[in-house]
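Mapping of the sequence shown onto my numbering: position 316 corresponds to residue 481, and the numbering continues sequentially without gaps.
Positions of the beta carbon are idealized from the N, C-alpha and C atoms, including for glycine.
Predicted, not measured: the structure shown is a model, and the values here were computed from it.
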Amino acid sequence: MDNILETKKLINGLKGEITIPPDKSISHRALIFGALTNSKIKIKNLSKGEDCISTLKILEKLGVEYEFISEHDLILNSSKGLSAKEKVILNCNNSGTSARLLAGLFSRCDFSCVLIGDDSLSKRPMKRIIAPLELMGAKIKSNDNNLPLEIEGTKLKAITYHSPISSAQVKSALILAGLGIDEPTRIYEKTLSRNHSEIMLSYLGADIKIGQDDKGHFVEVKKTKLIPKDIEIAGDISSAAFFMVAAAIVPNSDITIKNVGINPTRTGILDVFKQAEIDFSIINERLVSSELVADIRVKYTKNIKPFEIKGDLIPRLIDEIPILAILAAKAQGISTVSDAQDLRNKESDRIKTIVEALSFLGINIKEKPDGFNIKGCDEINKTAILETHLDHRLAMSFYVLSMINNQAMKIKGFDCINTSFPEFLKLIKELKS
Ligand code: S3P
């Protein structure tokens, strides 16, 4: 993957309308919860990024059948349930969501499996799911809390778990484990992380309780029969984010992004846009399979105000921090990111990799253990070869940065965008013409 993309400044701005590809988080959940309906359902607008295809292929190996009836729509047939005759090796490739969610589910299934992944995923921490799953009685052998995970499915017991981190992957892993237990499993988190699992389970008629008390936000699940229903997936705000920031910083831009999921647990970027006084509007709000969806219009904004990202905002924009760092580079003052230490555990150590790249371009950025401070500048005027570290969100953020760099740039390993957003360059082209 040593491919290099050459990019240069965008002169005329981005204009027009695009429809953003399907949400990755919701796509994983549609496949996994869909596979638990033991029926045939239709999933409309599934992400075909490599990560979601990894989840689909794993389910296929366990007996789930599927057929694409159009580019993004498929019929998922799980009427035979999930099974494996002998210990089966299941490849999550680059997908942390596949590994963590499926570890929760497979811990309570009646087969054994080994979850493996690529080099990057094999370095990402799994203790966050192994520890609570072991409290439930799960039998998991790991490579010092990393992949491969050898899971021997067993009968689990219900627990109440206070998650030390607000992570939707941890929460969803435990929800998937708890869905196989007669007694209720309750998961607490201090700050609410994305709640697509909860919304989809309610949509599929599950016995699920959601609430908040003095210990934090909780979700409670127990063994339940899911009602087979077709699921439609909204567009991905994390993918839209690259276009939103590009339109805000590239002069003469005015774009509308259609069909974007605006679930409040994902819209931290809109809060930042308000702080930065970006010219944007939300139109045509509606519900799609119980998820809130809208169109987002963003216009070039000359005077971008500096902003502060910390605390409760972090889980609501965790994946958008790389592209928001690019917005900060154009703000009139110092923007700060704090409380985001988990960025060091993503597809790359995103604090380190962002600081390295922006410093290299002469942007004033200061690393902190839990984030960084960025001083915005009027002009970026330096040629560079930037390393993606095979991190798709860095690759696309650097591409947006190149649109405002007076000098041409090179991005090394750009193909890694295929893990989440294979259509990225095609959509950029549509907005240029
Ligand atoms: C995801 C949750 C987030 C996010 C990831 C997708 C999910 O991770 O960064 O891209 O689909 O549950 P954490 O739960 O680890 O914060």
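Nearest CA to the CA of Ile483: which residue from Ser404, Leu523, Leu241 and Lys387?
The residue you call residue 483 lines up with position 318 of the sequence shown. Looking at the Cα atoms, Ser404 is the closest of the given residues.
In angstroms, rounded to a whole number, what distance separates the CA positions of Phe445 and Val520?
One-based indexing of the sequence shown puts residue 445 at position 280. One-based indexing of the sequence shown puts residue 520 at position 355. Taking the straight line joining both Cα atoms gives about 28 Å.
Expressed to the nearest angstrom, what Euclidean distance is found between the alpha-carbon atoms of Gly536 and Lys245?
One-based indexing of the sequence shown puts residue 536 at position 371. One-based indexing of the sequence shown puts residue 245 at position 80. Approximately 47 Å between the Cα atoms of the pair.
For Met301, name the three-state secondary structure that DSSP assigns.
Looking up residue 301 in the sequence shown gives position 136. Looking at Met301 - three-state DSSP - the assignment turns out to be coil, as it is neither helix nor strand.
Let me know the secondary structure DSSP gives Thr584 once reduced to three states.
Residue mapping note: residue 584 aligns to position 419 of the sequence shown, counting from 1. Helix at Thr584.
Since Arg216 is in the alpha helix (DSSP H), which residue starts that stretch and which ends it?
As a first step, residue 216 is located in the sequence shown; it is residue number 51 there, counting from the start. The question names Arg, but residue 216 is Asp in the sequence shown. Element bounds for Asp216: Glu215 to Lys226.
Leaving aside the five residues before and after Glu532 along the sequence, list all residues of the same chain whose C-beta is less than 8 Å from its C-beta, in chain order.
Here residue 532 refers to the residue found at position 367 when the sequence shown is read from its first residue. Here the set comprises Ile516, Lys517 and Val520.
Extract the residue ranges of the beta strand (DSSP E) inside the segment 375–443, only unbroken runs of 3 or more that lie entirely within it.
Restricting attention to beta strand (DSSP E) runs no shorter than 3 residues, the segment 375–443 encloses them at 381–386 and 419–426, ordered along the chain.
Consult DSSP for Gly498 and reduce its assignment to one of helix, strand or coil.
In the sequence shown, residue 498 corresponds to position 333, counting from 1. Residue state, collapsed to three classes: coil.
Less than 7 Å between the CB of Thr172 and some heavy atom of the ligand S3P, yes or no?
Counting from one through the sequence shown, the residue named residue 172 turns up at place 7. No; taking the cut-off as 7 Å, the Cβ of Thr172 has no heavy atom of the ligand S3P nearer than that.
Need the endpoints of the beta strand (DSSP E) that Ser277 sits in, please.
Working through the sequence shown from its first residue, we reach residue 277 at position 112. From DSSP, the beta strand (DSSP E) with Ser277 extends over Ser277 to Ile281.
What's the C-alpha gap between Ser307 and Val410?
Here the question's residue 307 lines up with position 142 in the sequence shown. Here the question's residue 410 lines up with position 245 in the sequence shown. Each residue's alpha carbon lies about 40 Å from the other.
Thinking C-beta only, is Gly269 closer than 8 Å to Ala200?
Sequence index remark: in the sequence shown, residue 200 carries index 35 (1-based). Sequence index remark: in the sequence shown, residue 269 carries index 104 (1-based). For Ala200 and Gly269, no; Cβs fall outside 8 Å.
Ordered along the chain, which non-local residues of its own chain (more than five positions away) have a Cβ less than 7 Å from that of Met166?
The sequence position of residue 166 within the sequence shown is 1, counting from 1. The predicted model places Met166 with a pLDDT of 47, which falls under 50 and marks its position as unreliable, so this point remains unresolved.
Tell me which residues share the same chain as Ser287 and place their Cβ nearer than 7 Å to its Cβ, disregarding the 5 neighbours each side in the sequence.
The residue labelled residue 287 in the question sits at position 122 within the sequence shown. Excluding residues within five positions, the ones whose Cβ falls inside 7 Å are Asn311 and Leu312.
Report all residues from its chain with a CB closer than 6 Å to the CB of Gly476; omit the five preceding and five following residues, and keep chain order.
Here the question's residue 476 lines up with position 311 in the sequence shown. Around Gly476: Asp504.
Could you compute how far the alpha carbon of Lys252 sits from the alpha carbon of Ala338?
Translated into the one-based positions of the sequence shown, residue 252 becomes position 87. Translated into the one-based positions of the sequence shown, residue 338 becomes position 173. The straight-line gap from Cα to Cα measures roughly 21 Å.
What alpha helix (DSSP H) runs, 4 residues minimum, are completely inside the segment 533–584?
557–567
Check whether chain D comes within 8 Å of Ile550, counting only Cβ atoms and requiring the distance to be less than that.
No chain D is part of this structure, which consists of one protein chain only.
Go to Lys209, then tell me how far its beta strand (DSSP E) extends in each direction, as first and last residue.
Translated into the one-based positions of the sequence shown, residue 209 becomes position 44. First-last of the beta strand (DSSP E) with Lys209: Lys205 to Lys209.
Please indicate yes or no: does the CB of Ser263 lie closer than 7 Å to some heavy atom of the ligand S3P?
By one-based count along the sequence shown, residue 263 stands at place 98. Checking every heavy atom of the ligand S3P against the Cβ of Ser263, none is found closer than 7 Å.
Can you tell me the Cα-Cα spacing of Leu413 and Val565, whole angstroms?
As a first step, residue 413 is located in the sequence shown; it is residue number 248 there, counting from the start. As a first step, residue 565 is located in the sequence shown; it is residue number 400 there, counting from the start. It should be pointed out that residue 413 corresponds to Ala in this sequence rather than to Leu. If I take the Cα positions, the gap works out to 11 Å.
Nearest CA to the CA of Gly527: which residue from Ile491, Asp507 and His557?
Walking along the sequence shown from the start, residue 527 turns up at place 362. Of all alpha-carbon atoms in Ile491, Asp507 and His557, the one lying nearest the alpha-carbon of Gly527 is that of Ile491.
In chain order, what residues of the same chain have a beta carbon less than 7 Å from the beta carbon of Arg289, not counting five sequence neighbours either side?
Start at 1 with the first residue of the sequence shown, and residue 289 comes out as number 124. If we look at Arg289 and ignore the five residues flanking it on each side, its Cβ neighbours are Gly261 and Asn510.
Taking the straight line between their C-alpha atoms, what separation do you get for Ser562 and Arg451?
For this step, residue 562 is matched to residue 397 along the sequence shown. For this step, residue 451 is matched to residue 286 along the sequence shown. Rounded to whole angstroms, Ser562 to Arg451 spans 29 Å at the Cα level.
Taking the alpha-carbon positions, what's the Thr325 to Gly498 distance?
Against the sequence shown, residue 325 aligns to sequence position 160. Against the sequence shown, residue 498 aligns to sequence position 333. Rounded to whole angstroms, Thr325 to Gly498 spans 45 Å at the Cα level.
Can you tell me which of His327, Ile316, Ser524 and Met568 puts its alpha carbon nearest to the alpha carbon of Cys274?
As a first step, residue 274 is located in the sequence shown; it is residue number 109 there, counting from the start. Closest by alpha carbon: Ile316.
Between which residues of its own chain and Lys540 is the CB-CB distance below 7 Å, once the five residues before and five after are set aside?
Counting from 1 along the sequence shown, the entry for residue 540 is found at position 375. Cβ within range, chain order: Ile499 and Asn529.
What does the alpha-carbon distance come out to for the pair Ala522 and Lys467?
On the sequence shown, residue 522 is found 357 positions in, with the first residue counted as 1. On the sequence shown, residue 467 is found 302 positions in, with the first residue counted as 1. Using only the alpha carbons, I get a separation of about 24 Å.
I'd like the span of the beta strand (DSSP E) that includes Pro487, first residue to last.
Residue mapping note: residue 487 aligns to position 322 of the sequence shown, counting from 1. From DSSP, Pro487 is part of no beta strand (DSSP E) but of the alpha helix (DSSP H) over Ile486 to Ala493.
Within the continuous beta strand (DSSP E) that includes Lys464, where are the two ends?
Residue numbering aside, residue 464 sits at position 299 when the sequence shown is read from its first letter. Residues Glu456 to Lys464.
I need the DSSP call for Leu170, collapsed to helix, strand or coil.
Here the question's residue 170 lines up with position 5 in the sequence shown. In this structure, Leu170 counts as strand in the three-state DSSP scheme.
Residues in the same chain with beta-carbon distance under 6 Å from Ala549, minus the five sequence neighbours each way, listed in chain order, please.
For this step, residue 549 is matched to residue 384 along the sequence shown. Only Phe525, Leu526 and Met574 meet the Cβ criterion.
Using only the heavy atoms of the ligand S3P, determine whether one of them is closer than 7 Å to the beta carbon of Asp535.
Along the sequence shown, one-based indexing puts residue 535 at 370. For the ligand S3P, not one heavy atom lies less than 7 Å from the Cβ of Asp535.
Suppose you measure from the CA of Cys687 to the CA of Asn417; what does that come to, to the nearest Å?
Because the chain here runs from 166 to 598, residue 687 falls outside it and cannot be looked at.
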